[in-house]
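Trainee:
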Amino acid sequence: MERESFEDTEVAELLNRSFVAIKVDREERPDIDHLYMEFCQALTGSGGWPLTILMTPEKQPFYTGTYFPKHSRYGRPGLVDILSQVSELWEKDEEKLRKSAKEIIRAITSPKKQGLLEPQNLGDNSLDFRSWASDLIEQAYQTLAKNFDSRFGGFGQAPKFPSPHNLTFLLRYAKDHPESQANTMIRKTLDSMGQGGIYDHIGFGFARYSTDQKWLVPHFEKMLYDNALLAISYIEMYQAQKEPRDAQKAKEILTYVLRDMTSPEGGFYSAEDADSEGVEGKFYVWTPAEIDEVLGKDRSMLFCEAFNITVTGNFEGKSIPNQLSVSLEELARKHHLSFEALTALLEEDRQKLWQSREKRIHPHKDDKILTSWNGIMIAALAKGGQVLGDAQYIQAAEKAAHFILENLCPNGRLLVRFREGNAAYLGYLDDYAFFIWGLLELYMTGGKSQYLKMALSLQEKLDTLFMDEEAGGYYLTGSDAEELLLRPKEIYDGALPSGNSITALNLLRLARLTGDERWELRAEQQLLSFRSTLDKYPAGYTAFLQALQYALHPSQELLFVGPLDHPGLLPLKQTFFSQFLPYSSLLYHDGTLGELLPWVQDYPLEPDKVLAYFCTNFTCQKPVESPGELETLLKNSIKNT
Numbered sequence: 066m067e068r069e070s071f072e073d074t075e076v077a078e079l080l081n082r083s084f085v086a087i088k089v090d091r092e093e094r095p096d097i098d099h100l101y102m103e104f105c106q107a108l109t110g111s112g113g114w115p116l117t118i119l120m121t122p123e124k125q126p127f128y129t130g131t132y133f134p135k136h137s138r139y140g141r142p143g144l145v146d147i148l149s150q151v152s153e154l155w156e157k158d159e160e161k162l163r164k165s166a167k168e169i170i171r172a173i174t175s176p177k178k179q180g181l182l183e184p185q186n187l188g189d190n191s192l193d194f195r196s197w198a199s200d201l202i203e204q205a206y207q208t209l210a211k212n213f214d215s216r217f218g219g220f221g222q223a224p225k226f227p228s229p230h231n232l233t234f235l236l237r238y239a240k241d242h243p244e245s246q247a248n249t250m251i252r253k254t255l256d257s258m259g260q261g262g263i264y265d266h267i268g269f270g271f272a273r274y275s276t277d278q279k280w281l282v283p284h285f286e287k288m289l290y291d292n293a294l295l296a297i298s299y300i301e302m303y304q305a306q307k308e309p310r311d312a313q314k315a316k317e318i319l320t321y322v323l324r325d326m327t328s329p330e331g332g333f334y335s336a337e338d339a340d341s342e343g344v345e346g347k348f349y350v351w352t353p354a355e356i357d358e359v360l361g362k363d364r365s366m367l368f369c370e371a372f373n374i375t376v377t378g379n380f381e382g383k384s385i386p387n388q389l390s391v392s393l394e395e396l397a398r399k400h401h402l403s404f405e406a407l408t409a410l411l412e413e414d415r416q417k418l419w420q421s422r423e424k425r426i427h428p429h430k431d432d433k434i435l436t437s438w439n440g441i442m443i444a445a446l447a448k449g450g451q452v453l454g455d456a457q458y459i460q461a462a463e464k465a466a467h468f469i470l471e472n473l474c475p476n477g478r479l480l481v482r483f484r485e486g487n488a489a490y491l492g493y494l495d496d497y498a499f500f501i502w503g504l505l506e507l508y509m510t511g512g513k514s515q516y517l518k519m520a521l522s523l524q525e526k527l528d529t530l531f532m533d534e535e536a537g538g539y540y541l542t543g544s545d546a547e548e549l550l551l552r553p554k555e556i557y558d559g560a561l562p563s564g565n566s567i568t569a570l571n572l573l574r575l576a577r578l579t580g581d582e583r584w585e586l587r588a589e590q591q592l593l594s595f596r597s598t599l600d601k602y603p604a605g606y607t608a609f610l611q612a613l614q615y616a617l618h619p620s621q622e623l624l625f626v627g628p629l630d631h632p633g634l635l636p637l638k639q640t641f642f643s644q645f646l647p648y649s650s651l652l653y654h655d656g657t658l659g660e661l662l663p664w665v666q667d668y669p670l671e672p673d674k675v676l677a678y679f680c681t682n683f684t685c686q687k688p689v690e691s692p693g694e695l696e697t698l699l700k701n702s703i704k705n706t
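So in the numbering used here, the last one in the sequence shown is 706, and the numbering has no gaps at all.
(1) At 4 residues or longer, and completely inside the segment 314-379: list those alpha helix (DSSP H) runs for me, N to C.
(2) What whole-angstrom Cβ distance do Ser650 and Met509 have, given they're in contact under 8 Å?
(3) Straight-line CA distance for Pro562 to Gln460?
(4) How would you write the range of the alpha helix (DSSP H) that Val151 sits in, first residue to last?
(5) Please determine, among Leu505, Pro619, Gly454 and Arg171, the residue with the shortest C-alpha to C-alpha distance to Leu575.
(6) Alpha helix (DSSP H) containing Ser691: first to last residue?
(7) Restricting to Cα atoms, I'd like to know which of Ser275, Val391, Ile434 and Gln621 is closest to Gly486.
(8) Have a look at His429, Leu578 and Tyr238 and flag the residue whose alpha-carbon is nearest the alpha-carbon of Ser341.
(9) Taking Leu541 and Lys554 to be in contact with their CB atoms under 8 Å, please state how far apart those CB atoms are, rounded to whole angstroms.
(10) Would Gly219 and Thr174 qualify as a contact pair, given that the criterion is a beta-carbon distance under 7 Å?
(11) I believe Gln125 touches Leu530 by the beta-carbon criterion, under 8 Å. Please report the beta-carbon distance rounded to the nearest angstrom.
(12) Exposed or buried, what is Lys316 when buried is set at 16 or more other beta-carbons lying within 10 Å of its beta-carbon?
(13) Nearest-angstrom Cα distance between Glu690 and Glu301?
(14) Can you tell me the Cα-Cα spacing of Glu67 and Gln524, whole angstroms?
(15) Applying the 10 Å Cβ sphere with the 16-neighbour rule, what's the burial state of Asn231?
(16) Assuming Leu599 and Leu201 form a contact by the criterion Cβ under 8 Å, report the distance between their Cβ atoms to the nearest whole angstrom.
(17) State buried or exposed for Arg273, treating a residue as buried only when at least 16 other CB atoms are found within 10 Å of its CB.
(18) When we look at the beta-carbon of Tyr238 and count the other beta-carbons within 10 Å, is it buried (16 or more) or exposed?
(19) With DSSP collapsed to three states, give me the class of Ser215.
(20) Consult DSSP for Met66 and reduce its assignment to one of helix, strand or coil.
(21) Should the segment 410-421 be called in touch with the segment 270-289, which here means at least 3 C-beta pairs below 8 Å?
(22) So the beta strand (DSSP E) Tyr653 belongs to, where does it begin and stop?
(23) Cβ-heavy atom distance between Ile170 and the ligand ZN below 6 Å?
(24) For a test of the three-state rule: what should DSSP assign to Ala488, helix, strand or coil?
(25) Mind checking which residues open and close the alpha helix (DSSP H) that includes Ile501?
(26) Can you tell me whether Gln420 is buried or exposed? The criterion is at least 16 other CB atoms within 10 Å of its CB, across all chains shown.
(27) Give me whichever residues DSSP pairs with Val626 in a beta bridge.
(28) Roughly how many whole angstroms lie between the Cα atoms of Ser384 and Met366?
(29) Counting along the chain, where does the beta strand (DSSP E) carrying Tyr128 start and finish?
(30) Out of Leu319, His284, Gly450 and Lys88, point me to the one whose CA is closest to Gly268's CA.
(31) Quick check on DSSP: helix, strand or coil for Phe194?
(32) Whole-angstrom Cβ separation of Pro603 and Ala210, contact assumed at under 8 Å?
(33) Nearest to Leu154 by alpha carbon, out of Tyr264, Ser137, Arg195 and Tyr128?
(34) Between which two residues does the beta strand (DSSP E) containing Thr117 stretch?
(35) Tell me, which residues are paired with Pro227 by DSSP?
(36) Under the rule that 16 or more other beta-carbon atoms within 10 Å means buried, what is Asn190, buried or exposed?
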């Protein structure tokens, strides 16, 4: 619509004559996007983008839809005709349109239509929480299993989105139900996506989604949040299964983000467009002749064979590099090479092709720095530092966290975005929830108390600004935000987990880290507030279900007592992070302020030693000090719980 209508003189004249035209960036104003998408879905039965709304000056909508061509065709009304008719009707019978808008508002904002939560009796002991939560988790698993594409991986039909929170939910389900098929679903999906054209095999990073069932042809746009969440998925899968290819994929994703999506100040950019030179995918596709020119004939043939680059192509006459039908083991045998020698050759050639591709005209980069998406990326980099052992990941995560605190948190109030020296818009629930997540991961990574202190401070602010005191849960917008027709509240875990889902898990983690009953109570309220919504379709809330999975397990904390700079601390941390322990937290005695974690202050320091205490429900076992002892302790303790 931008090219077809909004940049068109005829449409511009119609708009400017009778309307005030407002273009909304839904990443900067998710509150507006969420609100009017609800109207669109209610009035038309569907939604999507571009979203088109016609409304009164009081912001009450009376006509809505998604894509409209410039002129009517094939029964679809055109924007020119709509604007002309509405303009004429407004001149002749303005009151009729106003009345229609008011009726729509009444219908949509009624509690039943709007889907608002009714007040819950959070103290109702008749609810068997464990049974209820376990049933929801099982229902979600069965739904995902039913929708699983066993041939190509992923869930459902085309288009296919990565939805990494489905995979991290299944990872926890597999840990709790090792006899299930959950690991098979995760393994197939991660491998298929990683081999497909949705992954950029030359420059790394995942595109937003696949237009086909087998992950071959992507919508070439790359989003920061997808890559952050997918990096976490591969890292956790590496912890669970110890497959080197998962660690490698995570490293490649993080390489892409640090190389191409990081500002000089340390914040992370939002996205890269699908188009370059006005053509979708042009930057990413190749012909054998182009490969020949860079690598020479002999090496070109091997690379083209390894990445399915053919004369006929798989995308508009050119080829999207992929390995969906290629076995590198078989290719190595065919060419009388060891697997290691083949992969080394391909990596050498990939680097040459990347350097050549850098000379092409790049897709436009959306250089907004969004607090929410940066929070997820901070979490991903912190986890990368924990598990993959690369200090640059931790440094990058800390630099980004400090960037947000310095540029997007004036007077303790988070803002939404930073661009060209300007920060704007009061932060939403997601900004707080995702940034707190990143800060908690940073604290676990190195024990620096300022990250835990800031996480606690921001959670207090979140409760003050966003909590729904009557119905439970949290609104998307703060109490100090612009007043809209209604105050949206979101729990659905779509392309991104919802702020309510991540907050549920954050509250549980804070409760177990601090031992503070206030956080435990708030976590309980958060989990129970959405029970009627969750019951309708549990598989739509797999990030929220991860909070339920966490809550069903006993509190498990590993406390390190000793100096943070002690050389013996690192191997103990590596032992902990090498295992997939999604229900366990890591705490540090040294540097942790007494007012934050008062319960850890009672553990005695011993000179020149680091002791590891494993605690379940705040009851700790005899400390150990060697990695081998800790590994045995963790395995035995987790097995017995």
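Ideal placement from N, C-alpha and C gives every residue a C-beta, glycine not left out. Being a predicted model, the structure only gives us computed values, none of them experimental.
Mentor: Working from what's here:
(1) 353-360 and 362-371
(2) By 1-based counting over the sequence shown, the position of residue 650 is 585. By 1-based counting over the sequence shown, the position of residue 509 is 444. Indeed, because the Cβ distance is near 7 Å, the residues count as touching under 8 Å.
(3) The residue you call residue 562 lines up with position 497 of the sequence shown. The residue you call residue 460 lines up with position 395 of the sequence shown. Straight-line Cα distance between these residues: approximately 26 Å.
(4) Along the sequence shown, read from residue 1 onward, the residue named residue 151 stands at position 86. That run of the alpha helix (DSSP H) goes Leu144 to Thr174.
(5) Here residue 575 refers to the residue found at position 510 when the sequence shown is read from its first residue. Comparing Cα positions, the closest option is Leu505.
(6) Here the question's residue 691 lines up with position 626 in the sequence shown. Careful: Ser691 lies outside any alpha helix (DSSP H) and carries neither H nor E.
(7) The residue labelled residue 486 in the question sits at position 421 within the sequence shown. With distances taken between Cα atoms, Gly486 lies closest to Ile434.
(8) On the sequence shown, position 276 is the one that residue 341 refers to. Out of His429, Leu578 and Tyr238, His429 has the C-alpha closest to the C-alpha of Ser341.
(9) Taking the first residue of the sequence shown as 1, we reach residue 541 at position 476. Taking the first residue of the sequence shown as 1, we reach residue 554 at position 489. Yes, they are in contact, since the Cβ atoms of Leu541 and Lys554 sit about 6 Å apart, within 8 Å.
(10) Numbered from its first residue, the sequence shown carries residue 219 at position 154. Numbered from its first residue, the sequence shown carries residue 174 at position 109. Not closer than 7 Å, so no.
(11) Along the sequence shown, read from residue 1 onward, the residue named residue 125 stands at position 60. Along the sequence shown, read from residue 1 onward, the residue named residue 530 stands at position 465. Actually they do not touch by this definition, with Cβ atoms about 26 Å apart.
(12) Translated into the one-based positions of the sequence shown, residue 316 becomes position 251. Answer is buried; the Cβ neighbour count reaches 16.
(13) As a working note, residue 690 is residue 625 in the sequence shown. As a working note, residue 301 is residue 236 in the sequence shown. Their backbone Cα atoms lie some 25 Å apart in a straight line.
(14) Position 2 of the sequence shown, counted from the first residue, corresponds to residue 67. Position 459 of the sequence shown, counted from the first residue, corresponds to residue 524. Here the C-alpha atom of Glu67 lies approximately 39 Å from the C-alpha atom of Gln524.
(15) Counting from 1 along the sequence shown, the entry for residue 231 is found at position 166. Around the Cβ of Asn231, a 10 Å sphere holds 16 or more other Cβ atoms; the residue is buried.
(16) Position 534 of the sequence shown, counted from the start, is the residue given in the question as residue 599. Position 136 of the sequence shown, counted from the start, is the residue given in the question as residue 201. In this structure Leu599 is in contact with Leu201, their Cβ atoms being roughly 6 Å apart against a cut-off of 8 Å.
(17) As a working note, residue 273 is residue 208 in the sequence shown. Note on Arg273: 16 or more other CB atoms within 10 angstroms of its CB, so buried under the neighbour-count rule.
(18) What you label residue 238 is simply residue 173 of the sequence shown in a count that begins at 1. By the neighbour-count rule (16 or more Cβ atoms within 10 Å), Tyr238 is buried.
(19) The residue labelled residue 215 in the question sits at position 150 within the sequence shown. The answer is coil: DSSP assigns Ser215 none of H, G, I, E or B.
(20) Here residue 66 corresponds to residue number 1 of the sequence shown, with the count starting at 1. Coil at Met66, not helix or strand.
(21) no
(22) The residue labelled residue 653 in the question sits at position 588 within the sequence shown. Note, Tyr653: beta strand (DSSP E), Ser649 to Tyr653.
(23) As presented, the structure is devoid of all ligands, the ligand ZN included, so that no description of it is given.
(24) Stepping through the sequence shown from its first residue, residue 488 is reached at position 423. In the three-state reduction of the DSSP assignment, Ala488 falls in the strand class, which pools E and B.
(25) Looking up residue 501 in the sequence shown gives position 436. Unbroken alpha helix (DSSP H) run through Ile501: Leu494 to Gly511.
(26) Translated into positions along the sequence shown, residue 420 becomes position 355. That one is exposed.
(27) Taking the sequence shown and counting its residues from 1, one reaches residue 626 at position 561. Beta-bridge annotation (DSSP): Val626 is paired with Leu676.
(28) On the sequence shown, position 319 is the one that residue 384 refers to. On the sequence shown, position 301 is the one that residue 366 refers to. Answer to the nearest angstrom: the Cα atoms are 14 Å apart.
(29) Reading the sequence shown from its first residue, position 63 is the one you call residue 128. Run containing Tyr128: Pro126 to Gly130, per the beta strand (DSSP E) assignment.
(30) Residue mapping note: residue 268 aligns to position 203 of the sequence shown, counting from 1. Out of Leu319, His284, Gly450 and Lys88, Leu319 has the C-alpha closest to the C-alpha of Gly268.
(31) Position 129 of the sequence shown, counted from the start, is the residue given in the question as residue 194. Shown here, Phe194 sits in a helix according to DSSP, grouped into three states.
(32) Counted from its first residue, the sequence shown places residue 603 at position 538. Counted from its first residue, the sequence shown places residue 210 at position 145. Contact flag wrong, Cβ pair sits at about 13 Å.
(33) Looking up residue 154 in the sequence shown gives position 89. Comparing Cα-Cα distances from Leu154 to each of Tyr264, Ser137, Arg195 and Tyr128, the minimum goes to Tyr128.
(34) Reading the sequence shown from its first residue, position 52 is the one you call residue 117. Thr117 to Met120 is the span of the beta strand (DSSP E), which, as asked, contains Thr117.
(35) Taking the first residue of the sequence shown as position 1, residue 227 is located at position 162. BP columns for Pro227 are empty, so no partner.
(36) Here residue 190 refers to the residue found at position 125 of the sequence shown. With a pLDDT of only 42 at Asn190, under the threshold of 50, the placement of this residue in the model should not be trusted; the figure read from the coordinates follows. By the 10 Å Cβ count, Asn190 comes out exposed.
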